[in-house]
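See below for the structure under consideration.
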Amino acid sequence: MQAERERGTGFLLLPVSAGAGVITYFTRAQETGWLPLLLALCLLGVVRWWLRERYYWSSIVLLAIFFQLGMLGGKFETWRYSTAMVGSDVTTRLTGRVVGLEAQYSGGWRLTIDVLSTQRPVLRYAPERLRMTARDIPAQTEIGSTLTGLVRLRPHSGPVRPGNYDFAFNGFFKGNGGNGFYLGTPSLAESSSIDGVEAALSYAIATLRHIVGSRVTSVVSGEDGAIAAALISGQRDGISEHTNEALRNSGLAHVLSISGLHLALAAGVVIIGFRMIASLFPSFAARHPIKKYAATAALFSSAFYLALSGADVAAQRSFVMIMVMLVALLFDRAALSIRNLAIAALIAFISAPHEVLGPSFQMSFSATAGLIAAFAWWSDRNSTLYNQGKRQKRKQASRIKKWLVPVVATAATSIVAGVASGIYSAYHFNNTAPFGLLGNVLSMPVISIIIMPFAVLSLLLMPLQLDWLPLQIMGLGVWAMRQIAEFVSSIAPAGNPGIISSGAILSWTIGLVIAVICTTRLRAVSLIFVLAGFVFYYSETDPDIIIAEDAKLLAVRLADGSLAVNRPRSSKFTIQNWAKAYDAHAIVPPVIAGSKKNGIYREDAFYCEDKVCSITLKDGRMLSYTDEPAAVEFACNIGDVVVLAVAGKELKCPTDGKLIVTRRDLALKGSLEVRLGSQSAGSHTIRKSISAGQSVTPVFEPAYERGFDPDNEFLEDDVEVALTDISKDMKALENAHSAADASNTLISATDAGNALISVTVPASMADAARSLHYNDRLIYSVGEPQRPWHLYRLYSRAARGLADYVAPKKAKTAQKP
């Protein structure tokens, strides 16, 4: 501990504690008020002053103070944004200013619109900014133009599944209150002036990004131009999903995210270029500190690149680290890299605390921390070997294999960064890129020698309109990188780890922090958390039922690992996300009664008839689904697990004991995962509903009475049935079953119009059956909407128990003769 203290490990724990506070604030189920946060901070400050003479205790209290500061940072950011959000689908006439303009690969446009006004109807709580799509826009549209048109606005969607990306959360902290699309082509309107210096600067940067991106794509055509524009201006909408998937599978997806690699190469190119130019003037170079001049030029160029790229969190972190190092160079001071990373983390917590929960922050900081720790270990090892007198021998060996040094260094860098960031890539994207090492080793020379140097050169020459040749050379480098990605992706095995639980990712994160921060044998403690993470990972089971938040799509996991869905045509985005997350090798469509479009029949698929879909679950229970109000009673009668995708606030089945999921529940709490549980103590009945004249086998079922309408044809009043079987889950009642097997029970049917016919059983068996119920585990992606970024869910039509709005059909006017 003393050695860690002398190395300054305590300072490195401060951003870790602050980050834990940020995560705690944003993951709480309820909003935390200002008063308890401030009171706790003041109390900790008093305790810290009281323990100022005791180093270890005061250090612990200091960590608690930074934890509280992290929570306050999250609270302040939430208060600062307070984004107004669309609560329900609405059609209105929108007038707004264009602040973002991107061409999509599939065609059409994606626009970011600052709302100026709404009409017919006027929205009382209109959002300030929206993300819109349009099939076509006027040719004169540019950043700052004002567009007006009829739009369909929609609220942000929640996570597709629990633990997945939350569009509402990220939209709230980007100021985007919703999304939608233009119903037709919008028209240009008269533009108003832009008020405020900050707004004017923001529009100027957005205009510059659009101009630069358009110039790049006009010189370099196709996807190569889209990738080149992404590397320079950070706009990635023109890249196809196929190419994105190839980059992810080959471990090259990080290239599209402007971060340390890009900023470091850009700064390095500027420094080298400046010093090369200065060397052409020996007298000037001898009388001036050229190194400091080059560092200043690199600092300003990095700041310009940061603004041009959109200032993503990974780019911000990289810029802070580069800024600290360059400023240290200006003042002839040495800066420790791990301290730079800690400072960058603290600045990130101040500027954008919510990014801590995002994949960009986690992957960027973990990869950088892993590389710094590995380099520190390598430097310590070299120092030890030098002190032991083994340096000469190592030098001789390195000369023999000198040409392998860049390859080995690139491979080691890829392994360290891949392992450190791979856990977060697996958690967020269900991808581990098994051949990422090969992809990075093959592509790094192309990126370092061709792509980035000529990207910087093209930016420098673009104002002079001399950027055509550098962009063409950069385009060739991008083409080569894309071919490498395609090749590696084609030979790479599947790297989908499936679902990673929160316990696993938390354990691995703690292990990574210990391994990076500690420099002594305390690093070995990280192995405990790594092993604990694997225990959490392998103990997590896949859900048996998944339901989308709009209650339209439902999937059941089958015995062979495939997913049976209740709709032949469903949301492509949702079903692909589920298939990848749950590692489903096939999607089984439903069998629809009377349809000629049914494919290969499977007995374990959904069977849909009369607006009700049903399927048998792995524990023998029946799941029923309906989105038709008239079929609710029938769905309740046949289902043990009932999904009612119909309007209503207090939907329930006539009998108790069923697991019921309603459209309103999902609208409020988000998508749902259900893990079926085993039977245990509870209330069950053993009544069976049949029609008169049928011979049945009563089984033990949950606490409700199952029934349906009889055929109204009774051959006799008393029908004899035999007890011939028993539920597999009730082995304890086999003796009672054997005793009852010899007796007969009678069905009483005194009226042909009776809806339910009861089966009577021995009282001893009924008493025993009432002690069982199912321990199912339900996990909603949102839960009760109590945080500011989820409050909009309270105002949707589904959450208010209303049916979807259907526009009235216009009456046809009679034609005049």
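Numbering (the numbering used here), first residue to last: 15 to 831. Every residue gets a Cβ at the ideal spot worked out from N, C-alpha and C, and that includes glycine. Just so it is clear, the structure is predicted and the values come from calculations on it, not from any experiment.
- Distances from the CA of Val113 to each of Arg134, Leu161 and Gly101 were compared; the closest alpha carbon is that of Leu161.
- According to the DSSP assignment, Ala569 belongs to the beta strand (DSSP E) that extends over Leu568 to Arg571.
- DSSP places Cys56 in the helix class (H, G or I) of the three-state scheme.
- Between Lys683 and Gly797, the gap from beta carbon to beta carbon is short of 8 Å.
- Collapsing the DSSP output to three states places Thr523 in a helix.
- A distance below 8 Å separates the beta carbons of Ser171 and Glu563.
- Note that the C-beta distance between Gln249 and Arg229 is not below 8 Å.
- In the three-state reduction of the DSSP assignment, Asn454 falls in the helix class, which pools H, G and I.
- Judged by DSSP secondary structure, Asp128 falls within the beta strand (DSSP E) whose first and last residues are Trp123 to Gln133.
- The residue among Leu686, Ala598, Ser553 and Ser435 with its C-alpha nearest the C-alpha of Ala565 is Leu686.
- Sequence-distant Cβ neighbours of Ala260 in its own chain, meaning closer than 6 Å and more than five residues away, are Ala499, Glu500 and Ser503.
- Around the beta carbon of His276, 16 or more other beta carbons sit within 10 angstroms, so the residue counts as buried.
- When C-alpha distances from Trp493 are compared across Ser638, Ser457 and Leu49, the shortest belongs to Ser457.
- Under DSSP, Cys622 takes part in a beta bridge, and its partners are Ile606 and Cys627.
- Collapsing the DSSP output to three states places Glu687 in a strand.
- Counting along the chain, Tyr39 sits inside the alpha helix (DSSP H) bounded by residues Thr23 to Thr41.
- Short of 6 Å from the beta carbon of Ala140, and not among the five residues preceding or following it, lie these beta carbons of its own chain, in chain order: Val129 and Thr132.
- For Leu520, the closest alpha carbon among the candidates Ala508, Ala546 and Ile336 is that of Ala546.
- Annotated as distal: Tyr39 and Met99, with beta-carbon spacing of 8 Å or more.
- Counting only unbroken stretches of 4 or more residues, the alpha helix (DSSP H) elements lying wholly within the segment 59-122 are 69-95, in sequence order.
- In this structure, the beta-carbon distance from Arg168 to Asn193 falls below 8 Å.
- Between the segment 264-272 and the segment 146-157 there are fewer than three inter-stretch CB-CB distances shorter than 8 Å, so the stretches are not counted as touching.
- Here Leu279 is actually not in contact with Ser72; their C-beta atoms are around 43 Å apart, not less than 8 Å.
- If you draw a 10 Å sphere on the C-beta of Lys632, you find fewer than 16 other C-beta atoms in it, and that means exposed.
- In its chain, beyond the 5 residues on either side, Pro604 and Ile606 have a beta carbon closer than 6 Å to the beta carbon of Cys622.
- Your pair Gly239 and Gly489 checks out as a contact, with CB atoms roughly 7 Å apart and the cut at 8 Å.
- Ile291 counts as exposed, since fewer than 16 other C-beta atoms from the protein chains shown sit within 10 angstroms of its C-beta.
- Under DSSP, Gly372 shares a beta bridge with no residue.
- Comparing C-alpha distances from Leu485 to each of Ile246, Glu255 and Asn258 shows the shortest one belongs to Ile246.
- Per DSSP, the beta-bridge partners of Leu637 are Ile629 and Val655.
- By the beta-carbon neighbour count (other beta carbons within 10 angstroms, threshold 16), Ile157 is buried.
- With three or more CB-CB distances shorter than 8 Å, the segment 26-42 counts as touching the segment 79-93.
- When Cβ pairs closer than 8 Å are counted between the two stretches, the segment 529-547 is seen not to touch the segment 582-602, the count staying below three.
- Straight across, the Cα-Cα distance linking Ser351 with Ala387 is about 9 Å.
- By alpha-carbon distance to Gly512, the top candidate from Thr669, Ala538 and Tyr552 is Tyr552.
- By the neighbour-count criterion, in which a residue is buried when 16 or more other Cβ atoms sit within 10 angstroms of its Cβ, Asn354 is buried.
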